[in-house]
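Heads up, the thing below is written out as structure tokens.
There are 2 protein chains.
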Amino acid sequence: MAPRRDLRAPGAGLSGTLTGSLLAFVRSILNVTYHVRSDARSIDERARAIAVEQSVEMPVAAITDDYVRREIIGRVTAIAEVSSGLFAVEIALAGATVAHDAGQLINMLFGNTSLHADVLLADVELPPDLVTSFAGPRHGLSGVRQRVGAQKRALTCSALKPQGLPAAKLAELARRFAEGGIDYIKDDHGLADQAFSPFAARVDAIAAALADVARQSGHAVRYVPSLSGDLDDMRNQIAVAREAGIDTVMAAPMIMGFANFHRLVRENPDIAFFAHPTMAGTAIAPPLLLGKLFRMLGADAVIFPNHGGRFGYSRETCSHLATTARADWHGLRPSVPVPAGGMTRDRVGEMLDFYGVDIMLLIGGALLEAGERLAEATQAFVAQVRSCHVQEQGHDRS
Amino acid sequence: MAPRRDLRAPGAGLSGTLTGSLLAFVRSILNVTYHVRSDARSIDERARAIAVEQSVEMPVAAITDDYVRREIIGRVTAIAEVSSGLFAVEIALAGATVAHDAGQLINMLFGNTSLHADVLLADVELPPDLVTSFAGPRHGLSGVRQRVGAQKRALTCSALKPQGLPAAKLAELARRFAEGGIDYIKDDHGLADQAFSPFAARVDAIAAALADVARQSGHAVRYVPSLSGDLDDMRNQIAVAREAGIDTVMAAPMIMGFANFHRLVRENPDIAFFAHPTMAGTAIAPPLLLGKLFRMLGADAVIFPNHGGRFGYSRETCSHLATTARADWHGLRPSVPVPAGGMTRDRVGEMLDFYGVDIMLLIGGALLEAGERLAEATQAFVAQVRSCHVQEQGHDRS
Numbered sequence: 018m019a020p021r022r023d024l025r026a027p028g029a030g031l032s033g034t035l036t037g038s039l040l041a042f043v044r045s046i047l048n049v050t051y052h053v054r055s056d057a058r059s060i061d062e063r064a065r066a067i068a069v070e071q072s073v074e075m076p077v078a079a080i081t082d083d084y085v086r087r088e089i090i091g092r093v094t095a096i097a098e099v100s101s102g103l104f105a106v107e108i109a110l111a112g113a114t115v116a117h118d119a120g121q122l123i124n125m126l127f128g129n130t131s132l133h134a135d136v137l138l139a140d141v142e143l144p145p146d147l148v149t150s151f152a153g154p155r156h157g158l159s160g161v162r163q164r165v166g167a168q169k170r171a172l173t174c175s176a177l178k179p180q181g182l183p184a185a186k187l188a189e190l191a192r193r194f195a196e197g198g199i200d201y202i203k204d205d206h207g208l209a210d211q212a213f214s215p216f217a218a219r220v221d222a223i224a225a226a227l228a229d230v231a232r233q234s235g236h237a238v239r240y241v242p243s244l245s246g247d248l249d250d251m252r253n254q255i256a257v258a259r260e261a262g263i264d265t266v267m268a269a270p271m272i273m274g275f276a277n278f279h280r281l282v283r284e285n286p287d288i289a290f291f292a293h294p295t296m297a298g299t300a301i302a303p304p305l306l307l308g309k310l311f312r313m314l315g316a317d318a319v320i321f322p323n324h325g326g327r328f329g330y331s332r333e334t335c336s337h338l339a340t341t342a343r344a345d346w347h348g349l350r351p352s353v354p355v356p357a358g359g360m361t362r363d364r365v366g367e368m369l370d371f372y373g374v375d376i377m378l379l380i381g382g383a384l385l386e387a388g389e390r391l392a393e394a395t396q397a398f399v400a401q402v403r404s405c406h407v408q409e410q411g412h413d414r415s
Numbered sequence: 018m019a020p021r022r023d024l025r026a027p028g029a030g031l032s033g034t035l036t037g038s039l040l041a042f043v044r045s046i047l048n049v050t051y052h053v054r055s056d057a058r059s060i061d062e063r064a065r066a067i068a069v070e071q072s073v074e075m076p077v078a079a080i081t082d083d084y085v086r087r088e089i090i091g092r093v094t095a096i097a098e099v100s101s102g103l104f105a106v107e108i109a110l111a112g113a114t115v116a117h118d119a120g121q122l123i124n125m126l127f128g129n130t131s132l133h134a135d136v137l138l139a140d141v142e143l144p145p146d147l148v149t150s151f152a153g154p155r156h157g158l159s160g161v162r163q164r165v166g167a168q169k170r171a172l173t174c175s176a177l178k179p180q181g182l183p184a185a186k187l188a189e190l191a192r193r194f195a196e197g198g199i200d201y202i203k204d205d206h207g208l209a210d211q212a213f214s215p216f217a218a219r220v221d222a223i224a225a226a227l228a229d230v231a232r233q234s235g236h237a238v239r240y241v242p243s244l245s246g247d248l249d250d251m252r253n254q255i256a257v258a259r260e261a262g263i264d265t266v267m268a269a270p271m272i273m274g275f276a277n278f279h280r281l282v283r284e285n286p287d288i289a290f291f292a293h294p295t296m297a298g299t300a301i302a303p304p305l306l307l308g309k310l311f312r313m314l315g316a317d318a319v320i321f322p323n324h325g326g327r328f329g330y331s332r333e334t335c336s337h338l339a340t341t342a343r344a345d346w347h348g349l350r351p352s353v354p355v356p357a358g359g360m361t362r363d364r365v366g367e368m369l370d371f372y373g374v375d376i377m378l379l380i381g382g383a384l385l386e387a388g389e390r391l392a393e394a395t396q397a398f399v400a401q402v403r404s405c406h407v408q409e410q411g412h413d414r415s
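Here the protein sequences come in this chain order: X and Y.
Per my numbering, residue 18 is the first one in the first sequence, and the count goes up by one each step.
Per my numbering, residue 18 is the first one in the second sequence, and the count goes up by one each step.
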């Protein structure tokens, strides 16, 4: 990597302030890193254009207001060539522009710049008070473990599918997963409030099936229904779920909107939230989007496509994502990484080696392929994961 | 383009049904087109994988349910090579999976497949009853024209910025735009509910300034405040705006979520909605996303980056987007295309030639550069647009 040019200069607005009052400054600035494809000659101008686009969005020369010139105009603070023709550009944006609104946060970080096909939002350092005001997971790794009484091992999860099945058939699948001793059973993210299995009917049927298994086995499995629709629909769905004794739900922040996701989390401190990555295929680095932002907004668990499955995330991306989701970060609880997307039982050992045990392993289709022997296949998966519980606990903060 | 292979076969599930009952079939199917980068050898398998991912998301062989096999599993209906290594793949998905939910619609169309960097969502043909149930713009081109008494010419718009200015200063800018005779004044999409100009204070100050100009000139300019936050925040903001006599607002469907945008539109039939493209930089073709989907959900006007401005949309993309937004389509009102993003007065003639007069021209920064002479610059812009009102009216449905 070419040397990083630090472009801050005393008195140069946002960045200049840093030399004045480090603490106050750090607390009120978003330090955003973009990766920009550009030739070396143009990168300075490209970087300045992004700083303007993501702040005042108008010709800087036409701005006369002192406060805006001093505090609001974005500043390029560093440029470094990451590889040939790819530059890491650091830009400082004013925290005051975010207004403690999660939707406005993503608008400020990437909004119009997302329309440039050659720019990736790579990372952001946020003011600590902003991070703590969003507050992160209400339950996190230890809470998600506690719900199923598993303090020292990786968690297990499977998925109810295919969509199109009636509630009774999904409940039958849930029963077999439960008989196999799984920890969490989530809806496929394609399950919404469809006529073939309406949300309320599905929740009632599945909750009843799982209660039945729990009475026989003493083993309380968590069902994680998927929320859909608008914010009010989701509120109603949470009410239905809570009524059925459910305390964990799944939601898709990229479809419902960051601010609405955060709102639901705030309104329901007793509920744990799994975040699903559907529609996350935007030019935002997955460790930032799923590991940092979803977590900050309150995702107790973040589902993501594991390397070597049906999707193209690299080993490095997955490792970085999981590390970010669990890192010490302004006192927020860690989120549980949930690598998924075409996983099979023969990858369990390798995944535990790769991620450690502070993780939830999600195997969906590969278990369902067992058909009549679903409970047995689940049992084998669960046994495999449980046998690894004595391994190294380095990541465990629970 | 290589010949398109029609892969439908009688009795082949979803696609086979077409031979049985054309009408019922067409009414209940989403015909989705993806552009997939692939080598020719792998494209059949890639296409099938997308059809499965966007429907049942599990191994098809493990599905025993008749209804799911017949109706729900996605089917590849055609594959054509668009250019070397780029394939158009057509997939039929069941309309029943959408559940008349706008969030679930985008989940079905692109959800997990958005995570594949080599797939673009190019287009979709939707069941007519789904389109008409979403209902589209409540006001559309003719309503947006009527609000400002302009039936036979292009509309004019500018933007209040930079963010960071207090409400009083933004109101002063609005006053000058109004004195210049502009039709619509929108908030910069970076304006949210920030401490430096809270939504309510901003709306009140700007509404008062514009009422003042209207009393003197008889010219009623429309202020279009930008909504932010979660669904409830936006409801409150609309209430504040309505109280101030405002009947037009701006929102960002990609940030607030499709279902919440659609909810706001349904709840507020008296309000016209401008849709902003912030965060629309995903792998969805802009004509589909902005011109078709935003319109279907109720955008009376769709703002998009014009070719040759600060963003990379091509002439062809812009033309296609504007055509789609105004096309005859299941009886929906046309949306007003609003090309923007670094436009200047010297492009007015060219843009009217390119788009026709059924359009809104948005010039922001280039007017604000006039500083003290903002009213005069606005007046010149408005005069330029008005002088073109006798041109060809081919696109006009108002």
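Every residue gets a Cβ at the ideal spot worked out from N, C-alpha and C, and that includes glycine.
From the DSSP output, in three-state form, read off residue i for me.
i, result
"Ser243 (chain Y)", "strand"
"Phe104 (chain X)", "strand"
"Gln416 (chain X)", "The question about residue 416 (chain X) has no answer, for chain X in this structure spans 18 to 415."
"Pro270 (chain X)", "helix"
"Ile376 (chain X)", "coil"
"Ile199 (chain Y)", "coil"
"Val165 (chain Y)", "coil"
"Arg232 (chain X)", "helix"
"Leu137 (chain X)", "strand"
"Ser175 (chain Y)", "strand"
"Ala95 (chain X)", "strand"
"Pro76 (chain Y)", "coil"
"Asp61 (chain Y)", "helix"
"Pro322 (chain X)", "strand"
Is there a C-beta anywhere in chain Y that falls below 8 Å from the one on residue i?
i, result
"Asp205 (chain X)", "yes"
"Ile123 (chain X)", "yes"
"Arg155 (chain X)", "no"
"Ala134 (chain X)", "yes"
"Lys186 (chain X)", "yes"
"Ser131 (chain X)", "yes"
Would you mind sorting residue i into buried or exposed? The rule is 16 or more other CB atoms within 10 Å of its CB.
i, result
"Gly166 (chain Y)", "exposed"
"Gly157 (chain X)", "buried"
"Asp287 (chain X)", "exposed"
"Leu378 (chain X)", "buried"
"Lys186 (chain X)", "buried"
"Asp363 (chain Y)", "exposed"
"Arg22 (chain X)", "exposed"
If you measure between the beta carbons of residue i and residue j, is that distance less than 8 Å?
i, j, result
"His279 (chain X)", "Gly315 (chain X)", "yes"
"Ala176 (chain Y)", "Gly381 (chain Y)", "yes"
"Asp61 (chain Y)", "Ile96 (chain Y)", "yes"
"Leu281 (chain Y)", "Ala268 (chain Y)", "yes"
"Pro179 (chain X)", "Met75 (chain Y)", "yes"
"Ile202 (chain Y)", "Ala191 (chain Y)", "yes"
"Ala339 (chain X)", "Asp317 (chain X)", "no"
"Gln121 (chain X)", "Ala209 (chain Y)", "yes"
"Thr299 (chain X)", "Gly298 (chain Y)", "yes"
"Ala113 (chain Y)", "Gln254 (chain X)", "no"
"Ile108 (chain Y)", "Gln168 (chain Y)", "no"
"Val53 (chain X)", "Val106 (chain X)", "yes"
Residue i lies in the alpha helix (DSSP H); which residues open and close that run?
i, result
"Ser336 (chain X)", "332-343"
"Ile123 (chain Y)", "119-126"
Please tell me whether residue i has its Cβ less than 8 Å away from any Cβ of chain X.
i, result
"Ala217 (chain Y)", "no"
"Ile199 (chain Y)", "no"
"Gln180 (chain Y)", "yes"
"Ile80 (chain Y)", "yes"
"Phe42 (chain Y)", "With a pLDDT of only 47 at Phe42 (chain Y), under 50, the local geometry of the prediction cannot be trusted, and the value read off the model is given with reservation. Cβ-Cβ to chain X under 8 Å: no for Phe42 (chain Y)."
Can you tell me where the beta strand (DSSP E) holding residue i begins and where it ends?
i, result
"Thr50 (chain Y)", "46-54"
"Val353 (chain X)", "353-357"
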